[in-house]
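The next block holds one structure in the form of structure tokens; read it before the comments.
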Amino acid sequence: MRLTSIKLVGFKSFVDAVNVPFAGNMTAIVGPNGCGKSNIIDAVRWVMGESSAKTLRGESMTDVIFNGSTGRSPVGQASIELVFDNSDGTMGGAYAQYAEISVKRQVTRDSQSNYFFNGQKCRRRDISDLFLGTGLGPRSYAIIGQGMISRLVEARPEELRSTLEEAAGVSKYKERRRETENRLRRTQENLDRLDDIREELDKQLERLKRQADAARRYQTLKNEEHRLKGELALLRARAFRTQQHTQEQHVRELENQVEQEILGQRQCERRLEESRLAHDEIAAELETHQARFYETGAEIARIEQSIEHARSRDQQLAQDIEEARRELRELEQLGAQDDERRAALDERLDSIAPELEEAQETLEMLQESLDAADEEATTAQQEWERFNESDRNVAHGAERAQDDVRRLENAIAELDGQIEKRRQQRQELPDVEALHGERGELREQLEALDLDQEALESQREHLQRQREDAQARLDDAAAQRDTQRSQLSRLQGELASVEALLDAALTDDDATLESHLERHGLAEAPRLAERLEVAAPWETVVAWALAPWLKARLATSSAMVDIAADAPPAELALLGGDDVASVAGTLGEHVAGAGALGAWLNGIHCAVDETAARTMQARLAAGESVITPDGLWLGRDWVRRRGASASEDGVLVQRRRRETLQADIAALEASLERLEETLQTAREAVEHAAADLESLRLQERDLGQRRQQLASREAGLASRLEQLDARARELDDDVAQLVERHAERRLELEETRERWQAAMSEVDANSQTREALEQQRREAREKAQSLRQQVAPARERQQHLAMERQRLETERTGLDQQHARARDQRERLAEKLAMLEEQRATLREPQEETRERLDELLDRRSREEATLNASRDRAHQLAEALRDTEAKRQEHERNLDGLRGKLEEARMQVQALTLKADTQDSHLEELGHDVDALRDGLDPNATESAWQTRLDELGDKIRRLGAINLAAIEEYDQQAERRDYLEAQHAELSEAIETLEKAIRRIDQETRTRFKQTFDQVNAGFGELFPKVFGGGAAWLTLTGDDLLETGVAIMARPPGKKNTTIHLLSGGEKALTALSLVFAIFQLNPAPFCMLDEVDAPLDDANVGRYAKLVKEMSESVQFIYITHNKIAMEAAERLMGVTMQEAGVSRLVSVGIDEAATLADA
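Okay, structure coming up:
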């Protein structure tokens, strides 16, 4: 990998786009002070990610942008691009696929900095990662600026250690260690937060468990409340239906009264209809007379208006006739004036025609002469241009031939130098036999290590199978444990619900009764339901038969007497606690702990089914009965059957369920203990297998490291041998190609020289022809110019006459058009005048007839007015009769409205009752009850008030529970699941922390190994180079501490004949040579792609500069050197010179030339 070019735009003094190519391995940058040479090294350091403006000799990062000069304005941004040749794959990993690598940085005035990799935008860290371990970087040992060479040996031990770490490739490990430590810190913080969350979650689980128990109790009471609400709604709906039927009977009575009133109202309406018909006939007659009267009046008004209109029209026509006559007189005057102007225009047009024709002929003759002169001038100009083009081609051909001669001479000289250089390089190639022998030994060692590694891999696979088997057993046991824990949690919840139901069933709600029992010492007395023991299958029947006594307390006879004396008005049941001997075949045989009820149970015989019970019924004595397991209870003269809808959830059944649940919970707890032991055993097996795998992994890592070292050495030897073979073949091929090219250039040089001589002869012959053609072209131009001066006045006169004729013709045409318009207007006015006079004569004829018609109409209007008054009198009489009949109809209507109001009110009551009943039905549907089942199970003696009381009591029990969180059950389950998840997260985080700590230990071990190896190799190289540079003396490196991760590095150097105790006692030149020895020793170990040196030879004398140049020359075989110098010896050692100039103030420019090319030009 090598640096091929640097592209600078707007960076410091390089304002214009500059491409700095690096063709060889030794390039010297030269130029006067202050011309911008060091800016090239600053550009390389800046593009590699330098973030300190001070290091770049500025105050801020925007100082790198060109800020203007006396002749240039500032620019808005600066950019640098480095182009690397990676065709040899030196840049490995993900970058090996790129044959060329481009790194670019761009900054703007607003401090926006952007990085680009192969044209794609990236981060600064990506650029830093790209150069990690390569020896390159903004402050690496491969880039040494002005004054830095002496500071390198004077650096503190910690700073010198950083230089060795970069050479050892440890910097990328330190970066990984820093990232790993950051991840470890974040993981530990997450673990601490997780512990806090777990602690808080445990507190929440305790609270949620209490809330979940109360929620289950609340759900039980709400179910009972739900049933009571349904029965109460059914009772209310039944009552509302009864009231609805009574109210419907009252509605029917009111409807009969309404029908009678409607009959009377319709009779009145029929009489009203007859009267209205007669009234309508009179109204029609009245309307006819009135219409005639109004028509006569309207006709009179129209005739009077017509007479007035005729008078006004006659006056208007007189005015219009006078106006038309005045307009005719004005038009005749305007026509006479237009005739006079038209005659004058015709006279001028006749006189201007000959003048225009004469001017046109003169202009045409002059134009023909001018065209001929122009053609002659054009021909002369074309001949002149053709001659010039031919002459230029001949001259250019001579110049090109001369340039080709010089170029070929330079190329031949350069080929001579290259042939000699390649032959010398071929002779200097080392012998490869020893390298082949060393490579064979390394291959044998690698094969032995491969066998050991295969054995370790086989052992690791066996251990992994053991660990996987143990992990599978662990997972199965954990799954069983989780399943059983879930079952245990469910059973415990169900047990809590059963116990809550038992407590609710056996608790007295009357506080006064509880206080009374406590005074008599019976508050803790057992209840019958708590002592009863019933054999299967008689539990349900016994609970049903003893339902009124299940809450009874067991006490002695004396206690029962005392407590009954002053008992409060509350339900109280007491039983003697002494058991009675049971009788075979009776219910008492199947029941234990019934106390005094045992005697009563002995009177109840047991039958297996209804048939047996019917058989035994006939033999029953007084007070005896028989009962079956399915609930049929028969006495001598009575029967009772347990209902199908009776609750199965009795106290005895709940007691039995509680005992079953307790037994199941105990069994699950024992099973969980056994599973925990199994889990512990499986965990120990997994941990033991993991420990064995870790030990085996360490062995594999050690073996892998040894193999990697050997493989690296073997690959290095293979690469070295391959490079040597390739280099030898390349040099041989180059020499053969160069010799062939040398012969071709010699032959081409002779041909080019002959072509140059012929071209120079033709250039001399063309000079005489040039003068003759120039004279001919000048005379043609003068003749054409004279004719143009004569044409201009003739053209102006012809144009003036043509424009005047056009104006006169336009004015003549306008007068003709105006004369035609005036004639048409006079004709229209004559027609209008005749029409107006005719209208006025016609208007005066019919006025007498109109006045006679007006008198007739006035007489007829008087007669029609008398007839109209008589019709109005008859209509008034008929209206009085209509009002009387309407009054009777309204009385019937008022009565009807009253009845209808009562009827509507009754119907509304019916509707309200129906709505209430429907509301109760809807309420039942909302509650989700089966109405038929609820009606069948309803107590026949149930009343609305009693059921409301029970519902209120149940509501009080619910309220006494307090605030209930119904979501607590689900929330408790969710939080429990979350707790399990957090436990798993805690285990994962703990494992992650352990993994990160192991990674840090591995990185530290790798860092120590690499640093120690690098230190030893650099120290050895430093010790060898120092005497070579100084011609004697000794130098070495020392560690300032014992810890290889933290120790610093110090330099000790003693030039020949000196025994100084510290490096600071050396002169400036000795410090520079010592630093160069150290840098070159590092490059021997880990050569960076290139090395940039800025005037490091400044403090050296000529003898030391010679040693410095020789050392750089030797190392340039493997390292690309780019150095800035003012020393001629250093310049002579370079393969290519790069000159930086500043001809324009403040603006740097670049000139590149090869040393061999420069020498050839100087000789020529």
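Its first residue numbered 492, the sequence shown is counted upward by one per residue in my numbering.
Cβ coordinates follow ideal geometry from the N, Cα and C atoms, glycine included.
Remember, predicted model here, so these are calculated numbers, not experimental data.
Apply the 10 Å Cβ neighbour rule to glutamate 1139 and answer buried if 16 or more other Cβ atoms are within range, or exposed otherwise. Confidence at glutamate 1139 is low in this model, with a pLDDT of 45, below 50, so its placement is unreliable and no value can be given for it.
Is the segment 1342-1361 touching the segment 773-780, taking contact as three or more C-beta pairs under 8 Å? Per the Cβ contact rule, the segment 1342-1361 is in contact with the segment 773-780 (3 or more Cβ pairs under 8 Å).
Distance, Cα to Cα, alanine 1137 vs serine 977? Bear in mind that the predicted position of alanine 1137 carries a pLDDT of just 49, short of 50, making it unreliable; the figure below should be weighed with that in mind. Rounded to the nearest angstrom, the two C-alpha atoms are 33 Å apart.
By the 10 Å Cβ neighbour count, where 16 or more other Cβ atoms means buried, how is glutamate 722 classified, buried or exposed? Of the residues assessed, glutamate 722 falls on the buried side of the cut-off, its CB having 16 or more other CB atoms within 10 angstroms.
Residue ranges of each beta strand (DSSP E) within the segment 813-864, 3 or longer: Those beta strand (DSSP E) runs which fall completely within the segment 813-864 and span 3+ residues do not exist here.
Candidates Val566, Gln915, Lys545, of which the one nearest aspartate 507 by Cα: Nearest C-alpha to aspartate 507: Val566.
Could you give the distance in angstroms between the alpha-carbon of alanine 519 and the alpha-carbon of glutamine 597? Taking the Cα positions, alanine 519 is about 27 Å away from glutamine 597.
Check whether serine 1073 and glycine 1067 have beta carbons under 9 Å apart: Result no, Cβ atoms of serine 1073 and glycine 1067 do not sit closer than 9 Å.
Is it true that the segment 1244-1257 meets the segment 874-894, where meeting means three or more beta-carbon pairs spaced less than 8 Å apart? Cβ pair count under 8 Å is three or more, so yes.
Go ahead and pull the three-state DSSP assignment for serine 1689. Since the first and last residues shown for the chain are 492 and 1655, residue 1689 lies out of range.
Go through the segment 530-592 residue by residue and report every complete run of the beta strand (DSSP E) that reaches 3 residues or more, in order. List check, beta strand (DSSP E) in window: 568-576.
Do you know whose CA, among Arg667, Gln858, Leu937, lies nearest isoleucine 1494's CA? For the residues Arg667, Gln858, Leu937, the minimum Cα distance to isoleucine 1494 belongs to Arg667.
When you compare only the Cα positions, how much space is there between aspartate 829 and leucine 1306? One Cα belongs to aspartate 829, the other to leucine 1306, and the distance between them is close to 7 Å.
Spatial neighbours of methionine 517 in its chain, beta-carbon cut-off 6 Å, leaving aside the 5 residues before and after: Counting only Cβ-Cβ distances below 6 Å, and skipping sequence neighbours, we find Ser1607, Phe1612, Ala1625, Glu1626.
What do you get for isoleucine 798, buried or exposed, if any count of 16 or more other CB atoms within 10 angstroms of its CB means buried? With fewer than 16 Cβ atoms within 10 Å of its Cβ, isoleucine 798 is classed as exposed.
Should glutamate 813 go down as buried or exposed, given a rule of 16 or more other Cβ atoms within 10 Å for buried? The residue in question, glutamate 813, is exposed, as its Cβ has fewer than 16 Cβ neighbours within 10 Å.
According to DSSP, methionine 1543 sits in a beta bridge with which residue or residues? Trp1527, per the DSSP bridge assignment.
Can you name the residues that DSSP bridges to asparagine 609? In the DSSP output, where bridge partners are listed per residue, asparagine 609 has none listed.
Relative to the alpha-carbon of asparagine 510, which residue among Asp1647, Arg1640, Gly1645 has its alpha-carbon at the smallest distance? Nearest of Asp1647, Arg1640, Gly1645 to asparagine 510, Cα basis: Arg1640.
Roughly how many whole angstroms lie between the Cα atoms of serine 653 and arginine 1204? Using only the alpha carbons, I get a separation of about 25 Å.
Going by DSSP, which residues form a beta bridge with proline 512? The partner list for proline 512 (beta bridge, DSSP) reads Ser496.
Distance, Cα to Cα, glutamine 1309 vs arginine 793? If you take the alpha carbons of glutamine 1309 and arginine 793, they lie about 49 Å apart.
Put aspartate 1140 into one of helix, strand or coil per three-state DSSP. Residue confidence is low: aspartate 1140 scores 45 on pLDDT, short of 50, so the model does not pin down where it sits. Its coordinate-derived value is still stated next. Coil.
How long is the line joining the alpha carbons of cysteine 1097 and isoleucine 1118, rounded to whole angstroms? When the Cα atoms are used, cysteine 1097 and isoleucine 1118 turn out to be separated by approximately 5 Å.
Across which residues does DSSP place methionine 1583 in a beta bridge pair? As computed with DSSP, methionine 1583 is found in a beta bridge with Ile634, Ile1613.
Please confirm whether arginine 917 and valine 535 have their CB atoms less than 9 Å apart. It is not a contact, given that the beta carbons lie outside the stated cut-off.
Closer than 9 Å to chain B by CB, tryptophan 875: Protein chain content of the structure displayed is limited to a single chain, and chain B is not contained in it.
Assuming contact is defined by CB atoms lying nearer than 9 Å, are glutamine 1476 and leucine 692 in contact in what I supplied? Result no, Cβ atoms of glutamine 1476 and leucine 692 do not sit closer than 9 Å.
Does lysine 1042 come out as helix, strand or coil in the three-state DSSP assignment? Taken through DSSP and simplified to helix, strand or coil, lysine 1042 comes out as coil.
Quick one: Cα of glutamate 1635 to Cα of arginine 1501, how far? One C-alpha to the other measures close to 51 Å.
On the criterion of 16 or more Cβ atoms from any shown chain inside 10 Å, does glutamine 1289 qualify as buried, or is it exposed? Buried, by the Cβ-count rule.
Between alanine 1366 and the rest of its own chain, which residues show a CB-CB distance below 8 Å, the 5 nearest in sequence each way excluded? Contacts found: His770, Ile773, Ala774, Leu777.
Sub-9 Å separation of glycine 1122 and glutamine 1108 beta-carbons: No, the pair does not count as a contact, with Cβ atoms beyond the cut-off.
Coarse secondary structure for serine 441, derived from DSSP in three states: Outside the displayed span of the chain (492 to 1655) sits residue 441, for which this structure offers no information.
Per-residue burial, lysine 1549 [other beta carbons within 10 Å of its own, 16 or more giving buried]: Burial state of lysine 1549 is exposed, judged by a 10 Å Cβ sphere holding fewer than 16 other Cβ atoms.
Contact defined as beta carbons within less than 8 Å: I believe arginine 1317 pairs with glycine 788. What is the distance between those atoms, to the nearest angstrom? Contact between arginine 1317 and glycine 788 is absent: CB atoms are separated by about 51 Å, not below the 8 Å threshold.
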